[in-house]
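Notes follow the structure.
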Amino acid sequence: MYGAPVGICPGMVQQAQAGEPGAVEDLLAEVEPLVAHYCRTRLGGFSGGRESADDVIQESLLAVYNALPRYVDRGAPFAAWVYGICSRKVADAQRGAMRAPTPVAELPETIDTAPGPEDHLLNNSAIDQLRDLLQHLPERTRTVLMMRAEGISAESTGDRLGLSAGSVRVAYHRGLNRLRQLVAR
């Protein structure tokens, strides 16, 4: 846990709030190492964190300066109040870093059209729904639909199941119509 720098005493804060000449500069000079350490520690792991930390240090010091007239001593160290300001500024910078695009060494020449994880999830969900719907069909109709979906001709399907090609076509269309009815429910 960080403690207040030795030079920050309640008297120094009161003098800065009262507007005594040089008191604000002295207070900010005492607070700056505290703010710098906090910001650099929190932002150092982000891409461009060092530059970002320098910006956040300045923003934090400016916020301390602007909020100083409204500071009320409630028994907590002045440094805790400063940390509160810094933590909000650091959180803003971290959110911004998470939204920023990640630079890449090279742009790909072609667009990746491969299905992404969300496509696989949707496909798997649709397959599960189709399996459930197929269970409502007679076994022979279900077999005809699956064989035709695999690209097997009506003649070959009929030969394998002992049906005429016409019967396969009728079973196929009846099965599709039944699936449509089940989906519409």
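The opening position of the sequence shown corresponds to residue -1 in our numbering, with each subsequent residue numbered one higher. Every residue, glycine too, gets a C-beta built ideally from N, C-alpha and C. Keep in mind it's a predicted model, so treat the numbers as computed, not measured.
**Request:** With DSSP as the reference, label Gln133 as helix, strand or coil.
**Result:** Coil.
**Request:** Put Leu128 into one of helix, strand or coil per three-state DSSP.
**Result:** Secondary structure of Leu128 (DSSP, three-state): helix.
**Item:** Cutoff 7 angstroms; reference Thr139; Cβ partners in own chain excluding five residues on either side
**Value:** Contacts found: Ala169, Arg172, Gly173.
**Asked** In this structure, does DSSP put Ala51 in helix, strand or coil?
**Response** When secondary structure is reduced to three states using DSSP, Ala51 falls in the helix class.
**Request:** Using a threshold of 7 angstroms, state whether the C-beta atoms of Ile55 and Val88 are closer than that.
**Result:** The Cβ atoms of Ile55 and Val88 do not sit closer than 7 angstroms to each other.
**Validate contact between the region 104 to 121 and the region 42 to 51 using beta carbons, cut 8 angstroms, 3 pairs** = Remark: fewer than three beta-carbon pairs, one from each stretch, lie closer than 8 angstroms, so the region 104 to 121 and the region 42 to 51 are not flagged as touching.
**Prompt:** Thr139 by DSSP, collapsed to three states: which one?
**Reply:** Annotated three-state conformation of Thr139 is helix, per DSSP.
**Message:** Would the region 17 to 28 count as touching the region 55 to 71 if we require 3 or more Cβ pairs under 8 angstroms?
**Reply:** A contact exists between the region 17 to 28 and the region 55 to 71.
**Item:** CA-to-CA distance, Leu41 to Met96, given in whole angstroms
**Value:** Cα-Cα distance, rounded: 12 angstroms.
**Prompt:** DSSP state of Asp110, grouped into three classes?
**Reply:** The answer is coil: DSSP assigns Asp110 none of H, G, I, E or B.
**Request:** Note down the Cα distance separating Gly160 from Leu132, rounded to an integer number of angstroms.
**Result:** Spanning the two alpha carbons is a distance of roughly 21 angstroms.
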